[in-house]
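Below is one structure, written out as structure tokens; comments come after it.
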Amino acid sequence: MLLGILKESAPGETRVALLPENLKSLLAQGIAVTVQAGAGISAGASDAAYTEAGATVNADRASILSYTDLLPVVNTLSAADQAMIKSGAIVVGFLRPLEAPDALATAIALHVTLFSMELVPRISRAQSMDALSSMATVAGYKAIINAASHLPRLFPMLMTAAGTIPPARVFVIGAGVAGLQAIATARRLGAVVEAYDVRAAAGEQVRSLGAKFLDVDLGGINAEGGGGYAAELTEEALDRGRDLITRTAAHSDVIVTTAQVPGRPAPRLIRRDAIEAMRPGSVLVDLAAPAGGNCELTVPGETQIIGGVTLLAPLNLPAEVPVHASQLYARNILNFLALIVKKGEITVDLGDEVVAGACVAHQGSPVNPRVAKLLEAANLSA
């Protein structure tokens with residue numbers, strides 16, 4: 000069996016699916032590994048390191064796509080790349096099946112088996128494969144670091160002979176993995192942190208990190224969604240949260256917003272009046288920018304200055320920390336591969352809830368029911 004590692008082609012992508020140190024267990028099973036030249040350079044892995052680990056380095060991307068049986072990737076492949084994949088091969092990575100299922104049509108038609116890391120069930124057994132959480136951890140950390148670099152103030156309280164500098168005030172919206180990491184990082188830097196989440200159960204985790212949890216009465220609405228995510232809320236419930244956010248924004252130096260619902264546009268939680276209430280020099284980092292943004296003024300991928308407030312809308316923060324982001328992601332990938340590769344042979348057991356949960360398509364047909372419906376809708380509208 001041949002496993003291929005490609006140089007990611009998405010603009011700005013610096014991560015790589017597997018690093019040299021991840022290859023030992025694969026090679027021990029008799030699996031041959033070929034790596035596209037330069038695949039790991041940005042993540043600190045040279046071609047020589049891959050060669051020393053036992054892989055073959057190949058500059059011909061088309062050749063790798065045509066002959067590879069197993070292809071772990073970071074991002075979904077372009078239609079042109081998909082057209083060159085060996086029929087019946089397996090691709091594992093962030094494939095965005097709920098956001099852009101039609102972009103996978105070429106691979107599905109070639110009977111390529113697709114596993115999406117976004118769909119790995121959030122159960123105890125699959126925690127070591129939860130790439131979404133790994134990347135959210137990196138994003139939450141980097142959001143605070145980027146905010147600190149743009150803020151014209153210091154984060155910690157400093158007592159000096161010239162006077163006392165008060166600590167920065169940070170407000171984190173959404174207490175999922177990214178939000179909790181943002182809270183922890185801001186606290187390490189010495190900021191006073193407040194946080195809001197529609198899920199009241201998140202309060203205990205927020206308080207355990209030394210932050211103040213802001214609670215809102217949602218009128219008895221259940222805000223708990225599946226897999227640890229928040230549920231999609233009514234406009235009335237959202238408005239109650241928006242009012243709190245606007246009030247809190249007025250005394251916040253930094254706001255980091257992370258609220259997302261899988262497969263849907265990000266909820267618009269931050270109105271224009273919240274931005275206008277912030278002091279000049281304040282910073283807002285919208286981590287939901289890839290899903291449209293939590294702020295109604297967000298332009299995904301762009302940095303704006305609005306009334307003296309810096310609004311950051313990054314699309315791929317983990318790519319700004321490629322060494323550790325790749326290390327974490329590669330371990331997630333390697334743990335998932337252990338479910339489908341046994342003694343050097345590929346076995347797709349759709350009776351396994353983790354394998355079935357992550358499977359987008361197999362043998363030319365969609366497996367995930369949500370993806371199947373989206374593909375059907377796309378075909379009907381075409």
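Here the sequence shown is numbered in numbering that gives the first Met the number 0, starting from 0 and rising by one per residue.
C-beta: ideal position from N, C-alpha, C; glycine also.
If you're wondering where the values come from, they're calculated on a predicted model, not measured in any experiment.
query, result
"Exposure of A160, with buried meaning 16 or more beta-carbon neighbours within 10 Å", "exposed"
"Per-residue burial, L157 [other beta carbons within 10 Å of its own, 16 or more giving buried]", "exposed"
"Neighbourhood of A6 by C-beta distance below 6 Å, restricted to the same chain and skipping five residues each side", "The displayed chain sequence assigns Lys, not Ala, to residue 6. Result list for K6: Q35, G37, A38, in chain order."
"Contact the segment 297-305 vs the segment 80-99: 3+ CB pairs below 8 Å", "no"
"Contacts around L243, its chain only, beta-carbon distance under 7 Å, and the 5 residues preceding and following it disregarded", "Y195, L213, V215"
"Proximal residues to P279 (C-beta, below 6 Å), its chain only, five neighbours per side dropped", "G307"
"Where L379 falls: helix, strand or coil (DSSP)", "Reliability of the predicted coordinates at L379 is poor, the pLDDT of 49 falling under 50, and the value obtained from them is presented with this limitation in mind. Of the three classes helix, strand and coil, the one that applies to L379 here is helix, per DSSP."
"Range of the contiguous alpha helix (DSSP H) that encloses I332", "321-339"
"Cβ-based neighbour list, L283, same chain, cut-off 6 Å, excluding 5 preceding and 5 following", "I254, L310"
"Helix, strand or coil at M134 according to DSSP, with G and I counted as helix", "helix"
"Residue(s) in a DSSP beta bridge with P365", "A360"
"V137 and D129 closer than 8 Å at C-beta", "no"
"Where A167 sits in the DSSP three-state scheme", "coil"
"P166 vs P155 beta-carbon contact at 8 Å", "yes"
"Proximal residues to A9 (C-beta, below 6 Å), its chain only, five neighbours per side dropped", "N74"
"CB-CB length for R420 against A210, believed under 8 Å", "Nothing can be reported for residue 420: it is not among the residues displayed for the chain, which extend from 0 to 381."
"The segment 47-58 contacting the segment 343-362, beta-carbon criterion three pairs below 8 Å", "no"
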